[in-house]
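S.K.:
In the numbering used here, the protein residues as written are 93 to 466.
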């Protein structure tokens with residue numbers, strides 16, 4: 093028997109309090125949420141095709157029949173509106189019912205067409221509402237994870253690691269990238285994950301030089317690198333790991349770049365902690381790779397936040413916003429060197445920023461000897 097949740101969990105109360113404080117600073121009496129991860133963050137509701145409206149006293153969820161029971165089970169404490177017609181009209185009626193006059197919306201996740209439709213529906217309701225565009229207000233609050241979130245991310249990391257170990261011992265020359273990617277996904281689901289955080293990347297041989305390669309039917313070959321980038325989606329939260337394996341002999345060139353990448357990653361992890369900025373963290377690893385002569389072959393950032401999405405704020409890179417790291421942030425640390433036509437190396441771990449430094453949540457062997465498959 094399913095039982096509806098009658099009151100929000102304490103962690104949801106804390107998040108709503110923070111959101112309402114941010115709304116008050118911006119003089120908003122309504123906040124429109126259309127991005128599913130933002131809605132799930134504040135409600136625990138995980139359905140699609142729904143919109144949330146936060147007011148100083150209430151939280152409304154507008155959905156349709158398909159998600160009615162799910163909403164009652166996952167978030168029965170909120171004010172549920174089950175629409176039978178168009179979303180914009182149901183939303184306009186809810187805004188009028190909540191007496192919202194100044195409505196914030198996330199400009200990154202609300203389309204121009206959606207906004208125009210809502211404004212038209214509001215005019216039909218004879219409601220005068222000021223729409224205020226916001227720049228990732230909830231996403232910025234989501235950067236720092238609470239203890240509930242950190243616990244789930246730990247479980248997601250563990251599921252990903254156990255799945256990798258189950259597959260690693262089965263890797264043989266001739267197996268295809270797709271086969272290995274499928275095995276990893278299966279093993280993660282067998283350990284409680286709802287799926288992979290993103291399409292698993294298995295890049296054999298020269299394809300390992302493509303940072304976001306799409307796995308195909310290329311076979312694993314001896315004496316070539318095998319880059320595997322994967323993560324488990326568990327309880328609505330992501331993990332994200334990468335290991336570069338070597339089947340058979342490791343060339344001198346690959347040994348060299350592996351040692352450089354590992355040195356860069358370990359140095360960045362040793363430096364990361366509160367007050368170090370995102371640019372500074374990236375620079376620690378980038379300087380080591382540059383001094384080794386491979387600077388132009390490390391073209392992406394050092395890492396990114398993870399949580400309800402696989403790529404969240406903050407971004408650890410040399411461009412874009414620079415900000416201090418704060419306790420509770422969970423980020424990836426993933427330097428790489430990619431030699432076109434030859435192969436690449438990336439090593440990635442998930443790291444929790446703590447008051448005194450950081451904690452590496454992942455524990456898979458990343459020594460060069462430990463990444464060989466004979």
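Even glycine gets a Cβ: it sits at the ideal position worked out from N, Cα and C.
#1: Quick check on the burial criterion: 16 or more other C-beta atoms within 10 angstroms. Buried or exposed for residue 341?
#2: Name the two residues that bound the continuous beta strand (DSSP E) containing residue 430.
#3: Would you call the segment 319-337 and the segment 254-261 in contact, with 3 or more CB pairs under 8 Å?
#4: To the nearest angstrom, how far is the alpha carbon of residue 112 from that of residue 398?
#5: Which residue comes first and which comes last in the beta strand (DSSP E) that contains residue 144?
#6: On the premise that residue 167 lies in contact with residue 153, defined as a C-beta separation below 8 Å, what is that separation, rounded to the nearest angstrom?
#7: Just checking my contact of residue 408 with residue 373 at CB under 8 Å: how many whole Å lie between their CB atoms?
#8: From the DSSP output, read off the bridge partner residues of residue 316.
#9: Look at residue 147 and residue 177 and say whether their C-beta atoms are less than 8 Å apart.
#10: Is residue 51 buried or exposed, if buried means 16 or more other CB atoms sit within 10 Å of its CB?
#11: Can you tell which of 248, 309, 304 and 301 has its C-alpha closest to the C-alpha of residue 283?
#12: Helix, strand or coil for residue 122? Go by DSSP, reduced to three states.
#13: Tell me which same chain residues have a C-beta within less than 8 Å of the C-beta of residue 415, skipping the five on either side of it?
#14: Could you name the residues that DSSP lists as bridge partners for residue 396?
#15: Does DSSP classify residue 191 as helix, strand or coil?
#16: Within 7 Å: the Cβ of residue 186 and any heavy atom of the ligand SAH?
#17: Rounded to the nearest angstrom, how far is the Cβ of residue 439 from that of residue 418, given a contact under 8 Å?
#18: Just confirm the distance between the C-beta atoms of residue 134 and residue 107, as a whole number of angstroms; I'd bet it's less than 8 Å.
#19: Considering residue 417, what are the terminal residues of the beta strand (DSSP E) in which it resides?
#20: Can you tell me whether DSSP reads residue 129 as helix, strand or coil?
#21: Going by C-alpha to C-alpha distance, which of 264, 291 and 449 sits closest to residue 318?
#22: How would you write the range of the alpha helix (DSSP H) that residue 204 sits in, first residue to last?
#23: Would you be able to state if there are at least three C-beta pairs under 8 Å between the segment 346-355 and the segment 263-278?
M.R.: On the basis of the supplied data:
#1: exposed
#2: 428-431
#3: yes
#4: Rounded to the nearest angstrom, the gap between the Cα atoms of residue 112 and residue 398 is 24 Å.
#5: 143-146
#6: 7 Å
#7: 5 Å
#8: 339
#9: no
#10: Outside the modelled stretch of the chain, which goes from 93 to 466, sits residue 51, for which no answer is possible.
#11: 248
#12: strand
#13: Within the same chain, residue 415 has close Cβ partners 369, 370 and 406.
#14: According to DSSP, residue 396 bridges with 407.
#15: coil
#16: Inclusion of the ligand SAH in the displayed structure is not the case, the ligand content being empty and no account of it being possible.
#17: Incorrect: roughly 24 Å between the Cβ atoms, too far for contact.
#18: Contact between residue 134 and residue 107 is confirmed by a C-beta separation of about 6 Å, below the 8 Å threshold.
#19: Premise fails: residue 417 is in no beta strand (DSSP E) and is neither H nor E.
#20: In the three-state reduction of the DSSP assignment, residue 129 falls in the helix class.
#21: Nearest option by C-alpha distance: 264.
#22: 204-216
#23: Contact check between the segment 263-278 and the segment 346-355: fewer than three CB pairs, one atom from each, fall below 8 Å, which does not count as touching.
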